[in-house]
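Down below is the structure, laid out as structure tokens.
There are 2 protein chains.
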Amino acid sequence: MSITRDISNDCSLCHVKFNGFDTLSEDELTSFKKSHCKVIYQKGETIIKEGTRCTSIICIKKGFAKLYINGLENKKIIIKILKEGDFIVSPGLFTDDLNHFSVSAITEVDTCLISIEAFTSAFRNNNRFAEQILQLNHHITQDLYNQLINFSHKKMTGRIASTIIYLSEKIYNSKNFHTTLSRQDIADLSSVSKESLIRVLKDFKESNIIAINGNHIEINSSKTLHDICRVG
Amino acid sequence: MSITRDISNDCSLCHVKFNGFDTLSEDELTSFKKSHCKVIYQKGETIIKEGTRCTSIICIKKGFAKLYINGLENKKIIIKILKEGDFIVSPGLFTDDLNHFSVSAITEVDTCLISIEAFTSAFRNNNRFAEQILQLNHHITQDLYNQLINFSHKKMTGRIASTIIYLSEKIYNSKNFHTTLSRQDIADLSSVSKESLIRVLKDFKESNIIAINGNHIEINSSKTLHDICRVG
DNA sequence: GTTTTGTATTGATATTTGTCAATTTTTGTG
DNA sequence: CACAAAAATTGACAAATATCAATACAAAAC
Numbered sequence: 002m003s004i005t006r007d008i009s010n011d012c013s014l015c016h017v018k019f020n021g022f023d024t025l026s027e028d029e030l031t032s033f034k035k036s037h038c039k040v041i042y043q044k045g046e047t048i049i050k051e052g053t054r055c056t057s058i059i060c061i062k063k064g065f066a067k068l069y070i071n072g073l074e075n076k077k078i079i080i081k082i083l084k085e086g087d088f089i090v091s092p093g094l095f096t097d098d099l100n101h102f103s104v105s106a107i108t109e110v111d112t113c114l115i116s117i118e119a120f121t122s123a124f125r126n127n128n129r130f131a132e133q134i135l136q137l138n139h140h141i142t143q144d145l146y147n148q149l150i151n152f153s154h155k156k157m158t159g160r161i162a163s164t165i166i167y168l169s170e171k172i173y174n175s176k177n178f179h180t181t182l183s184r185q186d187i188a189d190l191s192s193v194s195k196e197s198l199i200r201v202l203k204d205f206k207e208s209n210i211i212a213i214n215g216n217h218i219e220i221n222s223s224k225t226l227h228d229i230c231r232v233g
Numbered sequence: 002m003s004i005t006r007d008i009s010n011d012c013s014l015c016h017v018k019f020n021g022f023d024t025l026s027e028d029e030l031t032s033f034k035k036s037h038c039k040v041i042y043q044k045g046e047t048i049i050k051e052g053t054r055c056t057s058i059i060c061i062k063k064g065f066a067k068l069y070i071n072g073l074e075n076k077k078i079i080i081k082i083l084k085e086g087d088f089i090v091s092p093g094l095f096t097d098d099l100n101h102f103s104v105s106a107i108t109e110v111d112t113c114l115i116s117i118e119a120f121t122s123a124f125r126n127n128n129r130f131a132e133q134i135l136q137l138n139h140h141i142t143q144d145l146y147n148q149l150i151n152f153s154h155k156k157m158t159g160r161i162a163s164t165i166i167y168l169s170e171k172i173y174n175s176k177n178f179h180t181t182l183s184r185q186d187i188a189d190l191s192s193v194s195k196e197s198l199i200r201v202l203k204d205f206k207e208s209n210i211i212a213i214n215g216n217h218i219e220i221n222s223s224k225t226l227h228d229i230c231r232v233g
């Protein structure tokens, strides 16, 4: 999942970190390019709304978005943060054609939408591509298993440590990052209440594990954070 | 996912509730049959061990098994109960070739093991089959989303009500069933401690929502149970 | 620049849930 | 059958966590 490839001539930023695109034939690429449309979303805008019909595969070309599901009492669970190079296939594909999650922009987001038809056709006619898609799905399943363990076996501190590590290592690639996620968002990633999140962050700060100032977070002791995360 | 089909001549019970098998060509079916082997597991035996290499696709021909992941401190999360007609593809396929969950028999279980090679070959050469596999995966993802909501937004009573409904409606197909799951197993399905599970079951019994006697459970008020499940 | 609105923070408190220890019941085995 | 081992149950208690209300702060609108 590291090789990138342009799937469009007229939008040079359309890189997607997905090996699968390398398997596409010229014809398939052309059909992707033909079907594609380039859309920019502003911070806060909804890109995908849970419950609507899924009509496109979405590639994130630039910016960050949150992928979340609506749970009980208007509460949300943020499953993951999407960033440049991410590629979203709704689990409604080949099932009920519905979107099972929402996606909304947490910065300005440039996207590239590819029609389900072009995608489906590539999936059906190109077995290497299909294999890559199944691989992607299997990674998603593995991530969800880890999420289940996080949520059911770890205490708040462990879940929050896990979220901070995720943001640092997987999303912002730095021990020192600025985030556009609100405290509520970070809480929704960690499955805790906003108030509890704030208290735990304060603890981490007072123990010098992290430094936090508004939306700027710096990890001082990565090891301690990993320990908290591992033990729960 | 309702049509069944024999994938073997010499084991007439080998039915799998999976449309995908209908898409197999005669050649593909033959190769499945050639590669397959029929194995019977006793109650308590491990069918798949998390962390081992995945070498087969497993079909459950008869009996019940639990599919679970190992979490922290020797605790487990039971993801689902498998029964006749179920069909298990490890998420290690096309990724790291490892099993990411364990499966163990909770009754005597008859299985039919199909080699990864035969399966992979069918996946690559038969796009209708590949589509059905992706569909299956998307259903699994949807189930995991629901599991996340259960675990993070519902209280014990809601999670346990959900488990009882699952066992009644999806596994045993009766409001009145005998289970071979232990109390610990039911707790691991619901993400609660064994003691808490017992207390909640007692509450449900005293409120006349269910009748429970050892491993025999009868649902008296399905509606109440669904209400508890929905509200959380 | 002030008002308004939404977000962040803090403290007090109640609820939920797990843990530990003791006891009973069931199951398996010689 | 009798014993041992495992599983189920109960009660008391402690830990974890959410909720509510009040306040502080920051960003956006006028």
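Protein chains in written order, with my numbering: chain A, 2 to 233; chain B, 2 to 233.
Yeah, the Cβ is synthetic: ideal placement off N, Cα and C, and Gly gets one too.
These numbers come from a predicted model, not from an experiment.
### Query
Of all the CB atoms in chain A, is at least one closer than 8 Å to the CB of LEU182 (chain B)?
no
### Message
With a threshold of 8 Å between beta-carbons, can SER153 (chain A) be considered close to chain B, or not?
### Response
yes
### Task
Give the residues from the region 29-43 of chain A that approach chain B closer than 9 Å (Cβ to any Cβ), ordered along the chain.
none
### Message
Counting only Cβ pairs nearer than 9 Å, list the residues of chain B close to TYR146 (chain A).
### Response
ILE70, ILE78, ILE80, PRO92, HIS101, PHE102 and LEU145
### Close beta carbons around THR47 (chain B), own chain, < 7 Å, minus the five adjacent residues each side
SER103 and SER105
### Task
Measure the alpha-carbon distance for ILE161 (chain A) versus ARG184 (chain A) and round it to whole angstroms.
11 Å
### Message
8 Å is my cut-off, CB to CB: does ARG200 (chain B) come that close to chain A?
### Response
no
### Below-8 Å beta-carbon distance, HIS217 (chain B) vs any chain A residue
no
### Message
Under DSSP, the beta strand (DSSP E) around GLU219 (chain B) begins and ends at which residues?
### Response
217-220
### Query
Whose C-beta lies closer than 8 Å to the C-beta of ASP204 (chain A) among residues of the same chain, with five residues either side of it excluded?
THR158
### Task
Would you please verify whether the beta carbon of SER26 (chain A) is less than 8 Å from any beta carbon of chain B?
no
### Query
Between the beta-carbon of LYS67 (chain B) and the beta-carbon of ASP186 (chain B), is there less than 8 Å?
yes
### Query
Is SER223 (chain B) helix, strand or coil when you go by DSSP?
helix
#### Entry: Residue environment, ASP189 (chain B), which counts as buried when at least 16 other CB atoms sit within 10 Å
buried
### Query
Is LYS203 (chain A) helix, strand or coil by DSSP?
helix
### Query
Where does the unbroken alpha helix (DSSP H) through ASP111 (chain B) begin, and where does it stop?
Not the alpha helix (DSSP H): ASP111 (chain B) falls in the beta strand (DSSP E), residues 110-116.
### Query
What three-state label does DSSP hand ILE229 (chain A) in the structure shown?
helix
#### Entry: Per-residue DSSP class, three states only, for ASN177 (chain B)
strand
#### Entry: Residues sharing a beta bridge with PHE88 (chain B), DSSP
B:CYS60
#### Entry: For ASN147 (chain B), the three-state DSSP class (helix, strand or coil)
helix
### Task
Look at SER36 (chain A) and ILE134 (chain A) and say whether their C-beta atoms are less than 8 Å apart.
no
### Message
Can you give me the C-alpha to C-alpha distance between ILE78 (chain A) and SER223 (chain B), rounded to a whole angstrom?
### Response
28 Å
### Query
Between SER192 (chain A) and chain B, is there a C-beta pair that is closer than 8 Å?
yes
### Message
I'd like to know whether the C-beta of PHE120 (chain A) is nearer than 8 Å to at least one C-beta of chain B.
### Response
no
### Query
How is PHE124 (chain A) classed by DSSP in three states: helix, strand or coil?
helix
### Task
Could you tell me which residues DSSP pairs with ASN100 (chain A) in its beta bridges?
BP columns for ASN100 (chain A) are empty, so no partner.
### Message
Below 8 Å on the Cβ atoms is my contact criterion, and I expect LEU137 (chain B) with LEU145 (chain A) to pass it. Report the Cβ-Cβ distance as a whole number of Å.
### Response
With a Cβ gap of about 15 Å, LEU137 (chain B) and LEU145 (chain A) do not count as contacting.
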